[in-house]
Amino acid sequence: MTAYRGVAPLQGATSVDVSFLDNRRYAPLLETTQAGVVVTGPAFADRLPDHVTGLICKAPYLAWARVATLFHPVEPPEPGVHPTALVDPTAMVDASASVGPFCVIGANVEIGTGSAIGAQAVIGQGVRIGALCRVGVQSSISHAVLGDRVVLYPGARIGQDGFGFAVGPAGFETVPQLGRVVIEDGVEIGANATIDRGSMQDTVIGAGTRIDNLVQIGHNARLGRCCIVVSQAGISGSTELEDYVTVAAQAGLIGHIKIGAKARIGAQCGVMSDVEAGADVIGSPAMPFREFFRNVATLRRLAKKGGGKGE
Amino acid sequence: MTAYRGVAPLQGATSVDVSFLDNRRYAPLLETTQAGVVVTGPAFADRLPDHVTGLICKAPYLAWARVATLFHPVEPPEPGVHPTALVDPTAMVDASASVGPFCVIGANVEIGTGSAIGAQAVIGQGVRIGALCRVGVQSSISHAVLGDRVVLYPGARIGQDGFGFAVGPAGFETVPQLGRVVIEDGVEIGANATIDRGSMQDTVIGAGTRIDNLVQIGHNARLGRCCIVVSQAGISGSTELEDYVTVAAQAGLIGHIKIGAKARIGAQCGVMSDVEAGADVIGSPAMPFREFFRNVATLRRLAKKGGGKGE
Amino acid sequence: MTAYRGVAPLQGATSVDVSFLDNRRYAPLLETTQAGVVVTGPAFADRLPDHVTGLICKAPYLAWARVATLFHPVEPPEPGVHPTALVDPTAMVDASASVGPFCVIGANVEIGTGSAIGAQAVIGQGVRIGALCRVGVQSSISHAVLGDRVVLYPGARIGQDGFGFAVGPAGFETVPQLGRVVIEDGVEIGANATIDRGSMQDTVIGAGTRIDNLVQIGHNARLGRCCIVVSQAGISGSTELEDYVTVAAQAGLIGHIKIGAKARIGAQCGVMSDVEAGADVIGSPAMPFREFFRNVATLRRLAKKGGGKGE
Chain A
21 MTAYRGVAPL QGATSVDVSF LDNRRYAPLL ETTQAGVVVT GPAFADRLPD
71 HVTGLICKAP YLAWARVATL FHPVEPPEPG VHPTALVDPT AMVDASASVG
121 PFCVIGANVE IGTGSAIGAQ AVIGQGVRIG ALCRVGVQSS ISHAVLGDRV
171 VLYPGARIGQ DGFGFAVGPA GFETVPQLGR VVIEDGVEIG ANATIDRGSM
221 QDTVIGAGTR IDNLVQIGHN ARLGRCCIVV SQAGISGSTE LEDYVTVAAQ
271 AGLIGHIKIG AKARIGAQCG VMSDVEAGAD VIGSPAMPFR EFFRNVATLR
321 RLAKKGGGKG E
Chain B
21 MTAYRGVAPL QGATSVDVSF LDNRRYAPLL ETTQAGVVVT GPAFADRLPD
71 HVTGLICKAP YLAWARVATL FHPVEPPEPG VHPTALVDPT AMVDASASVG
121 PFCVIGANVE IGTGSAIGAQ AVIGQGVRIG ALCRVGVQSS ISHAVLGDRV
171 VLYPGARIGQ DGFGFAVGPA GFETVPQLGR VVIEDGVEIG ANATIDRGSM
221 QDTVIGAGTR IDNLVQIGHN ARLGRCCIVV SQAGISGSTE LEDYVTVAAQ
271 AGLIGHIKIG AKARIGAQCG VMSDVEAGAD VIGSPAMPFR EFFRNVATLR
321 RLAKKGGGKG E
Chain C
21 MTAYRGVAPL QGATSVDVSF LDNRRYAPLL ETTQAGVVVT GPAFADRLPD
71 HVTGLICKAP YLAWARVATL FHPVEPPEPG VHPTALVDPT AMVDASASVG
121 PFCVIGANVE IGTGSAIGAQ AVIGQGVRIG ALCRVGVQSS ISHAVLGDRV
171 VLYPGARIGQ DGFGFAVGPA GFETVPQLGR VVIEDGVEIG ANATIDRGSM
221 QDTVIGAGTR IDNLVQIGHN ARLGRCCIVV SQAGISGSTE LEDYVTVAAQ
271 AGLIGHIKIG AKARIGAQCG VMSDVEAGAD VIGSPAMPFR EFFRNVATLR
321 RLAKKGGGKG E
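Residue numbers (the working numbering), protein chains in the order written: chain A, 21 to 331; chain B, 21 to 331; chain C, 21 to 331.
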């Protein structure tokens, strides 16, 4: 019986490693890999060399996630509050939770079972954090309620005032921001991402949603369950995403619109109006994928023909 | 006489709450609201239910800002320097100012009357901060002068070196960045926004200007009074905005151009040349709003007609 | 003999200052400048006033970088670990290095000769930092190896987990992120930029590359030597840039593609497929510069002609 030691990429794996292939682009690496096991899909099954044991799965990436997690489980934090952390006497930190050096934990904060607060995080008064959360170093949270298993990456900013002001006779006048950020179970929020508190209602991030680095979520936005918002995308105030919506990188959504369930917003897309459930849109302004690429082809053809000189 | 208790959204307000309506999209909520008072515009006056007292204003959002502020005034900070903060002995912190835990305040820094420095802020030597400013947690300021009533949100980065280097025989060579950031009275700067110090001259943010989260302002940029720069927009080095310019979300301005007063740059717009005062531009490259939408309509028509097969 | 005192912009320089001109836009300032010396190119040589000594160079910006550096050399840090910093006993900090207040330095970290770690930086276990590096205040580094002369600006986030998860029956399941970030000599990384650790392989930033503020670099991306990535651009996971690639502001590159050496990606460009070495592309989707501007001209012409009413 072979005992496998760990996971490794196809080009670095040895006979005691488990490796992975899902993207056609990297299939040629199969020819030379020394991996003992390769997790992959049916399409690549007959390209595996003889010395490789194939784990052929319909959902190879999911299988890979689970195999790799077996070798690299998330380690529970060491319980305890670091002596340099400042924890308000009214805060309730579970005995199994961890609070890192130089953290500042405000009045009436609650931190649940097994949650870990990274070094130098600042958690404002009244914030509630559930169980098994991980709050990244140097992140800040205020006016917020976090469910269980929420992960914030370093520098994430949760709960600051949104961009709200009115035009007055002598300049802009700030509109008080009074809502919270409600982050449901299992949400992850990337490094240096920013999520503003609601103005009157709450900003809500639905259970299981994943938000990448440098994303902006405006006040009162409501994201459903299991949405994906990729890096540098922006969702303006009061816009609503139903469940399973994907917003690709650098896309921007105007405020006060609604994106139907399972819609997919393409990279750099500029969305100015509601999007129907299940729709695939791209372009700025947003349009169906098919229309976008037809437009691109049409314009290329016309430009070649016209040569810029008139028809 | 009814005493009103606070402010609340139309759908959550009770008879002792003041509420607000300005966006047609939410007008149907009037039918069921239990609010005691609704601040709104003339267009909605005759749709208010009988039990609602209307505060009908020409500028309802401004009225709302003021009403809400009466219920939720900004509280002055508790004066004093937190014992964990490191304040250089040459720094001058007004007795009415507040310096939070773990702050690092450099030599010759000045902090004015009633200003509040959030936890873990780092303020470099020589920075001057006026009266009634609020500096967000974990923000950093160097090489900068702030007027009065300036607000920085968490993680804002003010005054680091700009992106300046020349191509040398063995790689890039850094150009020393020697200017400051001058932030005039009443400016607000969003979470994780970045404003670089000038290279030789100063980067200037004019009085009353509002900058949203994750905005980038390059070295030597000069923004006039009461500009608005929405989330994730970027203004390249040495570009100048006159007064009352609006730059919508994710727009990008190339360097060394000038945007005339009251111009409006649309979301995701790519501005490669000067924009006239009062102009409305959108698209990448930027063009007048009308032209942009005419182009979009024309291309859609031609693509439908041509079907990608030639005419 | 005149002794020059420093450097100054054309409009503020006096007879003891050295100034600089390289952009035609500012040439009119030559007429009134009081500068003693102006570093400039041959194109402006005969426009210098009589009282100005010209330093006429083929590469004036490079010359300027060097002249300005003579007046403003980078000062070495004051060696020593600040008493408030927490340095793990197993960390090896060179005696000539500097560690600022409230820093948190993990187990087995190495910090080389003359490197300076800014206030409140957090450096995770096992990170290696070479000689003469400068790590900005409030930045975080984990799972990373830095060469010599690397500069991180404030709030930069290096080495956090990338955006990796698979769709499971009950929501997303995280894929363990196991690689590092390898940052070679002379790299600079802007304020609040984010660079994720590799998933299995490493994320690599080649020697001399310059990355601006708020840039996102996804897991497993590989950047060659002397690349330039301008503010708010994003490079998705597993994408490779060969040497001397320029990615302009707000451009976005999809994952798993390859950009050839010396290619130039224009501002706001959306790159969905490989780009050949030396190519100039712009637009979303990316196309050659010439084609892009021909398309823009063609569409404008057709829209004017058709007026939206059919041909």
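Don't be surprised by glycine CBs; every beta carbon is placed ideally from N, CA and C.
Bear in mind the structure is a predicted one, so any value in this text is a computation, not a measurement.
Below 6 Å CB to CB, which residues in the same chain sit around residue i once its five sequence neighbours on both sides are set aside?
i, result
"residue 97 of chain A", "118, 136"
"residue 292 of chain C", "274, 305"
"residue 225 of chain B", "203, 207, 243"
"residue 194 of chain C", "185"
The beta strand (DSSP E) spanning residue i covers which residue range?
i, result
"residue 164 of chain B", "164-166"
"residue 57 of chain A", "57-60"
"residue 223 of chain A", "223-225"
"residue 186 of chain B", "185-188"
"residue 192 of chain C", "191-194"
"residue 73 of chain A", "73-76"
Quick one: list the residues of chain A neighbouring residue i, beta-carbon separation under 8 Å, in chain order.
i, result
"residue 111 of chain C", "Here the premise fails: no neighbours, minimum Cβ distance about 14 Å."
Does the beta-carbon of residue i have 16 or more other beta-carbons within 10 angstroms, so that it is buried, or is it exposed?
i, result
"residue 307 of chain A", "buried"
"residue 121 of chain B", "buried"
"residue 331 of chain C", "Residue placement at residue 331 of chain C is flagged as unreliable, the pLDDT there being 38, under the threshold of 50; a coordinate-derived value is accordingly withheld."
"residue 95 of chain C", "exposed"
"residue 130 of chain A", "buried"
"residue 319 of chain A", "buried"
"residue 206 of chain C", "buried"
"residue 43 of chain C", "exposed"
"residue 329 of chain C", "With a pLDDT of only 48 at residue 329 of chain C, under 50, the local geometry of the prediction cannot be trusted, and the value read off the model is given with reservation. Classification of residue 329 of chain C: exposed, given that the 10 Å Cβ count is below 16."
"residue 314 of chain C", "buried"
Got a sec? Which residues, its chain only, sit under 7 Å from residue i by beta carbon, not counting five neighbours each side?
i, result
"residue 26 of chain C", "37, 91"
"residue 312 of chain B", "302, 303"
"residue 62 of chain B", "76"
"residue 151 of chain B", "132, 133, 134, 135, 168"
"residue 107 of chain B", "101, 113, 119, 125"
"residue 336 of chain C", "Residue 336 of chain C is absent from the model: chain C starts at 21 and stops at 331."
Would the beta-carbon of residue i fall within 8 Å of that of residue j?
i, j, result
"residue 33 of chain A", "residue 39 of chain A", "yes"
"residue 145 of chain B", "residue 127 of chain B", "yes"
"residue 230 of chain C", "residue 248 of chain C", "yes"
"residue 238 of chain C", "residue 182 of chain C", "yes"
"residue 269 of chain B", "residue 272 of chain A", "yes"
"residue 55 of chain A", "residue 82 of chain A", "no"
"residue 217 of chain B", "residue 180 of chain B", "yes"
"residue 283 of chain B", "residue 295 of chain B", "yes"
"residue 60 of chain B", "residue 74 of chain B", "yes"
"residue 251 of chain C", "residue 210 of chain C", "yes"
In the DSSP assignment, find the alpha helix (DSSP H) that holds residue i and state where it starts and stops.
i, result
"residue 52 of chain C", "No alpha helix (DSSP H) contains residue 52 of chain C, which DSSP labels as neither H nor E."
"residue 229 of chain B", "Segment: none, residue 229 of chain B is in no alpha helix (DSSP H) and carries neither H nor E."
"residue 89 of chain B", "80-91"
"residue 150 of chain C", "No alpha helix (DSSP H) contains residue 150 of chain C, which DSSP labels as neither H nor E."
"residue 311 of chain B", "309-326"
Starting from residue i, find everything on chain C with Cβ-Cβ shorter than 7 Å and list it in chain order.
i, result
"residue 142 of chain B", "139, 140, 157, 158"
"residue 290 of chain B", "287, 288"
Residues of chain C with CB under 8 Å from residue i, in chain order?
i, result
"residue 246 of chain A", "191, 192"
Could you name the residues of chain A that residue i contacts, counting a contact when the two beta carbons are closer than 9 Å?
i, result
"residue 136 of chain C", "What residue 136 of chain C touches in chain A: nothing, since even the nearest Cβ is about 19 Å away."
Which residues in chain B have a C-beta closer than 7 Å to the C-beta of residue i? List them in chain order.
i, result
"residue 121 of chain C", "106, 124"
Can you give me the Cβ contacts of residue i inside the same chain, cut-off strictly under 8 Å, excluding the 5 residues immediately before and after it?
i, result
"residue 333 of chain A", "The structure shown has nothing for residue 333 of chain A, since chain A only spans 21 to 331."
"residue 263 of chain C", "226, 244, 245, 246, 247, 281, 282"
When every heavy atom of the ligand FMN is checked, does at least one fall within less than 7 Å of the C-beta of residue i?
i, result
"residue 287 of chain C", "This structure simply doesn't include the ligand FMN, nor any ligand for that matter."
Just to make sure I have the definition right: I need the residues of chain C whose C-beta is within less than 9 Å of the C-beta of residue i. Which are they?
i, result
"residue 319 of chain B", "319, 322, 323"
Residues of chain B with a CB under 8 Å from the CB of residue i: which are they?
i, result
"residue 230 of chain C", "183, 185, 192"
"residue 198 of chain A", "27, 88, 92"
"residue 223 of chain A", "Those do not exist, as residue 223 of chain A stays about 13 Å from chain B at its closest Cβ, beyond 8 Å."
Which residues of chain A have a Cβ atom closer than 7 Å to the Cβ of residue i, listed in chain order?
i, result
"residue 206 of chain B", "191"
Worksheet item: Relative to chain E, which residues along the segment 250-267 of chain A have a C-beta separation below 8 Å, given in chain order?
Response: Any reference to chain E falls outside this structure, whose protein chains are A, B and C.
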